[in-house]
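Residues in the sequence shown are numbered consecutively from 1, following UniProt numbering.
No residue lacks a Cβ here, since even glycine has one placed at the ideal position from N, Cα and C.
Just so we're clear, the structure is a prediction, and the values are computed from it rather than from any experiment.
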Amino acid sequence: MEAMIVGFQAIFGDPFSIALLFFGVFMGIVFGCIPGLTAVLGVTLMIPFTYTMTPVQGLTLLVAIYVGGISGGLITATLINIPGTPSSIFTCYDGYPMAKSGKPGTALSIGVFASLIGGTFSALALFFLAPQLSKVSLIFGNWEYFAVALVGLAVVITMASNDLLKGLVGALIGIVLGSFGIDSISGVQRLTFGNWQLMNGLNSTALMMGLFAISEILHQCRDLSKEKKKIEVGKMSFLPPVKEMEGCMVPIVLGCLIGTGIGILPGIGQNASTLITYNQSKKMSKHPERFGHGSPEGICASETSNNAVNGGALIPLITLGIPGDLVTAALIGGLMIHGLQPGPLLFTSDLDVVGAVMVSYFLANIVMYVMELGLMKVFVRAVNIPFSYLFPAILMFCVLGTFALNNRTFDLWILIVCGILAYVLTELGVDMAPVILGYILGPLVEKYFRMAMTAELGNFGGILQRPIAVVCLIVAILFLVLPLFSKKLRDRKNALNI
């Protein structure tokens, strides 16, 4: 309660924070509704501009972009069958058929309403679970942090890529990218190649912008010559028709619970959440045959789930310092720019910042609902902007934002090289999620493992005396091993069928 009260005071005591909340949601929806511009990109682009703001103002802006970006993806998913963000892919299955049947306004209002419910539920979970988890995490030692970070790495390797080998390759590349600079334990330089500018490691903002913004621009530039189909939307209602919402209670409840639960697990993210919720809702529906043909239940399952992940993903970020998804991985950069270290001590050292994150997330969901429905025609116009005008502006923001942070041209080289690297990896089928989380979680795994081994005088068996760490270690091993067994079983079954 104290964090909530302090958070409300921090937000409402500063008119500029309220303005940033509205601006952030608006920009987030724009980034979310334009295919190729995701919430991760929106947050990453804005991180350098928060440098001159207070921590409360900066994080309010970033959290608002997060909320708007995830929800905004439903607009193009519904109207042109192209998800604005990857997490809205299941919205295409039912949103587009409903829009095509002459009810685009109804499909959009159902999707935005489901987004509000999922986001609000996870906001309440953030209010009530985060403080309790921060108390529990205070008993965490080096072994526990090592094991939890390892679970996050194992999960994202397994679930972010269809090919386990490509997931491992992506994670290893991320770990290498996170290893540049001075070793945090011994103080020895590594992978600097005699270049003093690498002693502080690779700038996280430049790296993130390269991996997402530059690579996406390179991919999308191949389609610049193609003519974009202009889209329009009719009248909108602030509440979806009651008759259309019949049977939607089950997918909404499932979306809230599954989305928040998966958000709390490090590194999984929205895609897995929407897949599980959509399939489970279809199994439990009285009319499963309607899924994929314009079912309101399908829209509710997808949008409730992917927005519920947001609040869940913020919980491990502020309690353990471990991101729940890709956007919260970028948010770590926003915290560190202001000299804040995410983790349990944040509740004691910077309670106003924690409260502001919680309150801004809750308020951003409400602002998102009103703004997205009220300004839908404005966002549709943003979708219709030609990429030939849009991408040069984004490129300019990337360069200015990266350079302004440290006034180093070396960071621009990091931006360019990482962008080209991401483009090549994506062309080879390597997902960016393992790369990003390998970059963030890899150094954590190494740091806490080495600290634990030093404390135990090199005895790995010391982990057996820490039950939480043992359970997490077993979970991590299962995530890596089970896909191999399931693949062998599928291959054997296919061989028998032949």
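- In this structure, DSSP gives Ile117 a helical state, which the three-state scheme calls helix.
- Taking 4 residues as the minimum length, the alpha helix (DSSP H) runs contained wholly in the region 352-390 are 376-383, in order along the chain.
- Taking Pro251 as the centre and dropping the five residues before and after it, the same chain places the C-beta of Ser281, Glu297, Cys300, Ala301 closer than 6 Å to its C-beta, in chain order.
- Separation of Tyr93 and Thr78 (C-alpha to C-alpha, rounded to the nearest whole angstrom) is 9 Å.
- Under DSSP, Gly181 takes part in a beta bridge, and its partners are Arg190.
- Relative to Gly7, the option among Ile440, Val470, Asp352, Lys377 whose CA is nearest is Asp352.
- In the three-state reduction of the DSSP assignment, Gly292 falls in the coil class.
- Rounded to the nearest angstrom, the gap between the Cα atoms of Thr454 and Lys447 is 11 Å.
- For Thr328, the closest of Ile47, Leu20, Ile11 by C-alpha to C-alpha distance is Ile47.
- Bounds of the alpha helix (DSSP H) holding Phe90 are 89-100.
- Restricting attention to Val148, Phe128, Ser360, Leu331, the CA atom closest to the CA of Leu265 is found in Val148.
- Around Leu473, the same chain offers Ala147 as residues with beta carbons nearer than 6 Å, after the five sequence neighbours per side are excluded.
- The Cβ atoms of Gly355 and Ala125 lie no closer than 8 Å to each other.
- Residue Met98 holds the alpha-carbon nearest to the alpha-carbon of His293 among Phe23, Met98, Gly201, Gln57.
- Under a 10 Å Cβ-count criterion, Pro316 is classified as buried, with 16 or more other Cβ atoms of the shown protein chains found around its own Cβ.
- Leu218 sits in a helix when the DSSP states are folded into three classes.
- For Ile75, the enclosing alpha helix (DSSP H) covers residues 55-79.
- Note that the region 16-34 touches the region 61-71; at least 3 beta-carbon pairs, one per stretch, sit closer than 8 Å.
- Here Leu211 is not near Val43, since their CB atoms are 8 Å or more apart.
- Taking all protein chains in view, the Cβ of Met199 is surrounded by fewer than 16 other Cβ atoms within 10 Å, so the residue is classified as exposed.
- Segment contact: the region 418-434 against the region 211-222, three or more CB-CB distances shorter than 8 Å; contact assigned.
- Close CB contacts of Ser184 within its chain, under the 7 Å cut and outside five residues either way in sequence, are with Lys447 (chain order).
- Here the alpha carbons of Met368 and Thr304 stand approximately 14 Å from one another.
- Relative to the Cα of Gln341, the nearest Cα in the group Leu326, Met358, Ile322 belongs to Ile322.
- Around the beta carbon of Cys221, fewer than 16 other beta carbons lie within 10 angstroms, which makes this residue exposed.
- Only residues of its own chain outside the window of five on either side were considered, and among them Trp143, Ala469 have a CB closer than 6 Å to the CB of Ile463, listed in chain order.
- Closest in C-alpha terms to Ala19, from the list Leu41, Val430, Phe362, Gln57, comes Gln57.
- About 6 Å separates the Cβ atoms of Tyr361 and Leu314, confirming a contact at the 8 Å cut-off.
- When rounded, the separation of the alpha-carbon atoms in Cys398 and Cys418 is 13 Å.
- For Ala433, the closest alpha carbon among the candidates Gly458, Ile318, Ala171 is that of Ala171.
- Met4 and Val359 do touch by the CB rule: their CB atoms are close to 7 Å apart, below 8 Å.
- A Cβ-Cβ distance of about 19 Å is found for the pair Leu390 and Thr402, leaving them out of contact under the 8 Å criterion.
- Here DSSP, grouped into helix, strand and coil, assigns Val430 to coil.
- Note that the C-beta distance between Leu59 and Gly334 is below 8 Å.
- In chain order, Gln57, Gly58, Leu59, Leu61, Leu62, Gly334, Ile337, His338 place their CB closer than 8 Å to the CB of Thr50, counting only its own chain and leaving out the 5 sequence neighbours on each side.
- In summary, Met396 is exposed, with fewer than 16 beta-carbon neighbours lying within 10 Å of its beta-carbon over all protein chains present.
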